[in-house]
Structure formats: structure tokens, C-alpha cells
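S.K.: The sequence shown maps to residues 5 to 687 in our numbering. Where is the CB? At the ideal position from N, CA and C, for every residue including glycine. Just dropping this structure here.
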Amino acid sequence: PQRFREAREHFKRRADDLSSEQAATEFRDLSIAASFRSAQLLLDVVDAVIDTSGPERLGLTRRPPSHEAHHRTRPGQVELWQPFTPEFDEDEEEGEESWITVRARQYADALAARVRNLVDEAPDLPSTGRALTPGDILVLVRSRGELASLIVARLFSAGVPVAGVDRLHLHEPLAVQDLLAAMKFAVQPNDDLNLACLLVSPLIGLDQEQLRSLAFGRKGKLWRELRQRATEDPQFQGAHGALAELLRIADFTTPSLFLETILSGPMQGRRKLYSRLGMAARDAIDELMNSALEFERTETASLDRFLAWFSRGTVDVQRDPGRPGNEVRVMTVHGAKGLEAPVVVLADATADPARLGRTPITLDFEIGDSAGVAPLLRPKKEERLGPFEGRIAEQEKRDLEEHWRLLYVALTRAADRLVVAGVAPKPKKDGSEARPADCWHMAVERALVSIEAEPADHGKWGTGLVYGAMPQSRRSRARQSGASTQIELPNWTLTAAPTETRPPRPLAPSAIAVDDETAPPPSEGMRAAALRGTLIHQLLERLPAVAPEERAAVAERWLQQSAGLADAAAGRRIVDEVCAIISNPAFSAVFGPDSLAEAPFAATLPDGRVIAGTVDRLLVESDRIAVIDFKTGRVPATDDEIPAAHRAQMRAYADALRVIFPGRSVGMTLLYTAGPKLVSLTS
């Protein structure tokens, strides 16, 4: 804000100094008080917060103009829920979430239940003209931490579709940890702790009692115990079979293929992870797969190397918070800048701003007149002296101003309904106010009291405040009038969709007929003939583009240097035969500059078959099509001895080319390179 004010004053002075002839336009200090998002009642609360807290708290030098809503007559509502006071239960200190306070756990449970009720009530939304859905709710927190993740988990447990937090570290999601545990097991199956975690993950699915019966009192490694018990106890056979398959493929697959085998193969890992963790796991799983693919582009693709590479770095997954979706979004206020939602829940308004961020260990001091700075260690509170005391106080003042500006952002994200809530801090021993003096909850409470908001009973949350009112939902009106809320389904929703016609799988011409031609075991002479045919085939692909006078020299050089043919006499015979074929006047056009080598094609025949393949040589003219296919097998003595598979293949070529080039004749030729022998076929 200070830099913005300095820049504004700078440009104002520049505009005042210019003469009227030089000035392109006058300098105007414009207001941005108009809102096209929020209802006027919500904006009245924003103005009241600024008035009761003071504009200087936001770093402003004067009070900004009052906000004006574009939709002035649209209903709106602001609710202030009393800080949630949990019912303490000492037993809840234990369990899988023992590192999170009971206070936070019970608050997240209660908040998820309120959101669940709100979704079930489905009130009408003035901004959209329809009933509320989960995608209309935005839950905001001051900082990204345990509370945000806990709210996501509780919403999922309550059956509310939730998109998850807006940003996460890729090492943290449970889905990623489960997949990495499977990879670690494949690398080191004797890691008992890792295997135990994998066994109770959604991928394997054992419960804690089954794990205890397997692991407690065992004589050796957990994997050996599982192998032995699988032969005796059916409940462990599935787990052993799945893990044995992971070990089988570990040495022969890349990290990405290993992960995809778990996710989409017989283990059905993606379905299991989604079922246990919800669709919020989708982004983390996809990003882990992207990391594996990125690793394989630059490193040796092995599982142990990938695990070492992945453990050395940190990858942040940033969801697109503005993408459409029918899920509750949970994000920080800072991440919500520029976004909006019909209903916004400010979930941790009772947080103390002095404890939200990590205190930096250094302070930056400018070095003389240069642009450089020197980081100096931050002294303890009891050791602060000048100039540290002034610099720290200045930084704390800027942080507090940013804290209040973030409140402004949070209050202006809602279009119809704003809820301000938080968990009650532990009461002080002297009975004084436990909420921090600079928390958002107290600021909003002062503002609502100043504009005479009405008390409201919020159930187990106690008596709070409410300003404004929302229209009654369609469901509530239907219940009061006794009308049935059952929806009549149209007949088409109960009718099975017709079978969608799909073209058949493309058929390669070479696979149309079964090549059942008998052949004896290859002799030394037959192997030499096959090699000779292959070399002729390759030269027929390469030489047509070479000038006629250079073909022989180029072919001999290629046979010696690239093909590795040591027999010069045999090479000259091959070259003579290939050059004779290419220069044959009957086929000069097919091997000419207007012809195509290795030409791909695809066509759907009138009978519905799809033919796709590649012809060795293709000539397209205005009135005819000529196609040559090279064969390196046994040369037929007569045309009648041409294999049926070869004839069927050429007929498929011709049928497809007639569809692609209607009205043109198609000439078909087989070139048996072992002869060489050219055979023209008729349709």
C-alpha cells in the first residue's frame, strides 16, 4: 500500500506539471467501491468493519467511499456464529489423529455437519436463481495448515463432495504415500514398517486386527510371515497374491508403468483410493504420475532411482480453484483473491494473527546506498535493541495491515451469504475475553453490533448475530404447504440408450487371410535367399529417388557400409537386379518421382470393414492407381501357385483404394524379391 500511494502521488505530480497541451488526460483518483458480485447487505457489513476498526488498520490514509452493489435489491445475509465450544472427551486424545487437538477435531466435525445440513436444505440463491449445490460453497481459512486438511476430511466423511485444499505438497497426500509404499515394497520387501503401512492401505485392504494377528509374535520378517500364512489362512491369500505380482514386475517395468499397473490393473488401485479418500486424491495421483514421466525423460527409469529422486525434491500441487465443479472448495483467503461463491464460510475467524505465520529468523538491512541487503539474525524479544526494535515493529505493523486487508478480501468473496465462524480459544484463568483482540471474529462482531444486527439461535453453536435474510428454499416451501417434493422423471430417463454404432477395428490387409503356406525348416541356402530378398526390398525403397546414373554406385556403397554385405560379387548381382527392376519401362512410372514409397492409407469399405495399412509403392494418376507390394518369401513357379493370403491382401488394397479414389482403375503387382519376379494380378 505504501508503494502504491507513492506511485500514485508520483504520477499525479507528473500530470500536474504537464501543460494542458502536453497532457493526454487529467489525473483522476478513481474509486473501486462498486461491486458486481455481493449483495448490498454484505457490503454494508464490509463498510461497518472499516468504520469500527478504522481505515488505518488496513494501511489506508482515509476512509474509502461506501460500497455500492450493482444488484442493490438482491437479498443477502451475514451470519456470525459464536465461537464453537467443544464438549471435551478425554478418550479422544488417543487415536489416529492424536497430533490434532480435540478442540479442532470436534470443531471440524460440527462445521462439516452444518455444511451437510446446508446442502440438504438447498436454499434458493438470489445470485444464480437456483437451489444451492456443493459447488456454491467456499470455505476460507487464514492459513493452509492442519485445520484446512481436517475440514476436507470431515466434509468427505459427512458425504459432502469436496475438492480438497487448493495447494498441497505432493509428499503429503495419503494416496501418494500409499503408492510410494507399494513402490518401496517392490524395491525392499523386508522393510517391515513400510509393508505394514501398505497392508492396511486401501490398495491391500487389511484392517488393523488382521495386521496385528499377522505381525504380533512372528519369528522373522513380515513378508516371510505373510507368505507362510497365505498357504494356511484364506484371509491373507489376496494380499499375498497382489504383493507377489508387484515383486514379479518390479525389475522389468518403469516407474510410470508400475504406478499405472497398480492404478488400472487387476489391483484397481485408483478405484480403491477414490473410494477411501474421495475424489480429492485425484490431483495428487495424477501429479505423481506426471513426476514419474518427467523422471523417465532424464534419468535411468528404475524404481529405486525414482524413489531417491522423488525424496530429494518438493513438488507443490496447485489446483485450479476457478474450474467448474460441484464440490465444496477449501482454500486460503489469499488464494481466493479474484474468486467468488454464492456462500462463503470464514472458518477460522478466531485465529490469533500473531501465531499464524512462522517468525523469520533473520531481518534484512540495507547496506549503505546500494541495492543490496544483509540478513542479520533476529534477536530474542528480551534482547531487542535499536535498530532491531524499530525494524521488527515496522514489520509487525505491515503484517497486521496485511491481516486486515485479507479480512476485506474474505468478506467480499460472497455473493449471497457470508458465515463467520471459529473455534473458541481455551478460556483464560481470570475469566477475561479469550478471543485475540486482533482476530477477525471480534472485528465482524463489532461491525454487526454497530448496524444493529439481530440475535439468532444457531443451535449447539449458541446465540450469534444475523444481518439480512435469505429467501425460503423451495424444499421448505413445499414442506410447509404439504406439497410433495418427489420429482417426476420423464420417460426417456427410464429407457435404455440405444446401442451406439461403431466402426469395426481397423484390419490390416496382411491379416485378412490366414497364411497357411507350409514351409520346411530353413536351410542355409534359404537363409541366404531371405537375406537377399530383404536387401532387395530395402534397395527398392531407397534407389528410386537416386539419379539413374548414380544408382549402382550408391547401392554398392550402401550394401558394403550399411548392410554389411561382404560378398562383393553377390552385392553386384543384387544391384544389377534392382536397377533392372527400377528401369523396366513397364514399371518406370511406379518407381518414378511422382510415386510414393511406404504410403499409409485407411478406408471404410461398403460392407463396413475398415482397412488400414501401408503399401510399399503407390502411384496416383488422374485415371488409374498402381500399387506394388514387395514379398521376400518363396517365389511361386507359376501364377497359380501365388499364396491365397497374398491375393487377398492385394484385393484388400484394391478395394480400399477404389473407395479412396472412386472412378479410377487399380493395377496390382506383386514383386517377389528373391527371384526377383514381377506378377501382375487382376481383380
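DSSP three-state call for Ser669: helix, strand or coil?
M.R.: Correct three-state label for Ser669: strand.
S.K.: Within the stretch 555-596, note down every full alpha helix (DSSP H) run reaching 4 residues or more, in order along the chain.
M.R.: The stretch 555-596 contains these whole alpha helix (DSSP H) runs: 555-565, 572-587.
S.K.: Taking a contact to mean a Cβ-Cβ separation below 9 Å, would you say Glu83 touches Gly468 in this structure?
M.R.: For Glu83 and Gly468, yes; Cβs fall inside 9 Å.
S.K.: Just verifying my parser: in three-state terms, what is the DSSP assignment at Arg333?
M.R.: Arg333: strand per DSSP, three-state reduction.
S.K.: Under 8 Å by Cβ, that's how I've got Val670 and Val624 pegged, so tell me the actual separation to the nearest angstrom.
M.R.: No, Val670 and Val624 are not in contact; Cβ-Cβ is about 11 Å, not under 8 Å.
S.K.: Buried or exposed for Leu279, going by 16 or more other Cβ atoms inside 10 Å?
M.R.: Leu is not the amino acid found at residue 279; the sequence shown has Ser there. Its Cβ having fewer than 16 others within 10 Å, Ser279 is exposed.
S.K.: Expressed to the nearest angstrom, what Euclidean distance is found between the alpha-carbon atoms of Pro597 and Ala556?
M.R.: Cα to Cα, Pro597 sits roughly 18 Å from Ala556.
S.K.: Let me know the secondary structure DSSP gives Gln81 once reduced to three states.
M.R.: In this structure, Gln81 counts as strand in the three-state DSSP scheme.
S.K.: Could you check whether Leu154 and Leu136 sit closer than 9 Å to each other, using their CB atoms as the reference points?
M.R.: No; because the gap between Cβ atoms is not below 9 Å, this pair is not in contact.
S.K.: Output the residue ranges of the beta strand (DSSP E) runs that lie fully inside the stretch 344-393 and measure 3 residues or longer, sorted by chain position.
M.R.: Segments of the beta strand (DSSP E) lying fully in the stretch 344-393: 345-350, 366-370, 377-381.
S.K.: Our contact map puts Val582 next to Ile629 with C-beta atoms below 8 Å; I'd like the distance itself, whole angstroms only.
M.R.: Not confirmed; about 24 Å, so no contact.
S.K.: Measure the C-alpha to C-alpha separation of Ser217 and Asp182 and round it to an integer number of angstroms.
M.R.: Each residue's Cα considered, the two are about 21 Å apart.
S.K.: Considering only the alpha carbon of each residue, which of Trp408, Glu400, Asp356, Leu563 lies closest to Gly426?
M.R.: Comparing Cα positions, the closest option is Asp356.
S.K.: Hey, Gly63 and Arg409 are a contact pair by Cβ (cut 8 Å); roughly how many whole angstroms apart?
M.R.: The pair is a contact, with the Cβ atoms about 7 Å apart (cut-off 8 Å).
S.K.: Spatial neighbours of Glu94 within its chain, please: CB distance less than 6 Å, with the 5 preceding and 5 following residues excluded, ordered by chain position.
M.R.: Annotation note: pLDDT 49 at Glu94 (below 50); position unreliable, coordinate value reported separately. Within the same chain, Glu94 has no close Cβ partners at all.
S.K.: Answer yes or no: do Leu543 and Val579 have a C-beta to C-beta separation smaller than 9 Å?
M.R.: Yes; because the gap between Cβ atoms is below 9 Å, this pair is in contact.
S.K.: Looking at the C-beta of Ala185, does it have a partner C-beta in chain B at a distance below 9 Å?
M.R.: You won't find chain B in this structure, because it holds only one protein chain.
S.K.: Who are Phe88's beta bridge partners in DSSP?
M.R.: The partner list for Phe88 (beta bridge, DSSP) reads Val427.
S.K.: Taking C-alpha atoms, which residue in Val347, Tyr657, Arg388, Tyr111 lies nearest to Ala607?
M.R.: Considering only alpha carbons, the answer is Tyr657.
S.K.: Provide the residue span of the beta strand (DSSP E) that contains Thr608, from first to last.
M.R.: Unbroken beta strand (DSSP E) run through Thr608: 600-608.
S.K.: Taking Arg363 as the reference, give the member of Phe369, Pro383, Val348 with the closest Cα.
M.R.: The sequence given here has Thr at residue 363, not Arg. Among Phe369, Pro383, Val348, the Cα nearest to that of Thr363 is on Pro383.
S.K.: Mapping the DSSP letters down to three states, classify Gly282 as helix, strand or coil.
M.R.: Note: Gly282 maps to coil in three-state DSSP.
S.K.: For Phe4, does the three-state DSSP call read helix, strand or coil?
M.R.: An answer regarding residue 4 cannot be provided, because it is not within the stretch 5 to 687 covered by the chain.
S.K.: According to the Cβ coordinates, are Gly466 and Trp85 closer than 9 Å?
M.R.: Yes, the pair counts as a contact, with Cβ atoms nearer than the cut-off.
S.K.: Just the C-alpha distance for Val164 and Ala114, rounded to the nearest angstrom, thanks.
M.R.: Approximately 13 Å, taken between the alpha carbons.
S.K.: Helix, strand or coil for Lys225? Go by DSSP, reduced to three states.
M.R.: Lys225: coil per DSSP, three-state reduction.
S.K.: Run the CB neighbour count on Leu547, radius 10 Å, all protein chains shown included, and call it buried at 16 or more, exposed below.
M.R.: Label assigned to Leu547: buried.
S.K.: Assuming Val180 and Val334 form a contact by the criterion Cβ under 8 Å, report the distance between their Cβ atoms to the nearest whole angstrom.
M.R.: Between Val334 and Val180 the Cβ distance is about 19 Å, and since that is not below 8 Å, they are no contact.
S.K.: Grab me the residues of Ala473's own chain with a C-beta within less than 8 Å of its C-beta, minus the 5 sequence neighbours each way, in chain order.
M.R.: Excluding residues within five positions, the ones whose Cβ falls inside 8 Å are Pro79, Gln81.
S.K.: Just how far apart, CA to CA, sit His75 and Leu142?
M.R.: Spanning the two alpha carbons is a distance of roughly 21 Å.
S.K.: Tell me whether Phe620 sits in a helix, a strand or coil according to DSSP, three-state version.
M.R.: According to the sequence as given, residue 620 is Asp; it is not Phe. Asp620: strand per DSSP, three-state reduction.
S.K.: Using only alpha-carbon positions, find the residue among Val204, Gly58, Glu405 that is nearest to Gly242.
M.R.: Checking every option, the nearest Cα to that of Gly242 belongs to Val204.
S.K.: Under the three-state reduction of DSSP, which class applies to His74: helix, strand or coil?
M.R.: Coil at His74, not helix or strand.
S.K.: Closest to Leu415 by C-alpha separation, out of Trp227, Pro440, Ala351, would be which residue?
M.R.: Comparing Cα-Cα distances from Leu415 to each of Trp227, Pro440, Ala351, the minimum goes to Ala351.
S.K.: Tell me the residue span of the alpha helix (DSSP H) that contains Asp195.
M.R.: Where Asp195 is concerned, there is no enclosing alpha helix (DSSP H), given that its DSSP letter is neither H nor E.
S.K.: From this set, Gln232, Ile266, Phe256, which residue's C-alpha is nearest Ala246's C-alpha?
M.R.: Ranking the options by Cα distance to Ala246, first place goes to Ile266.
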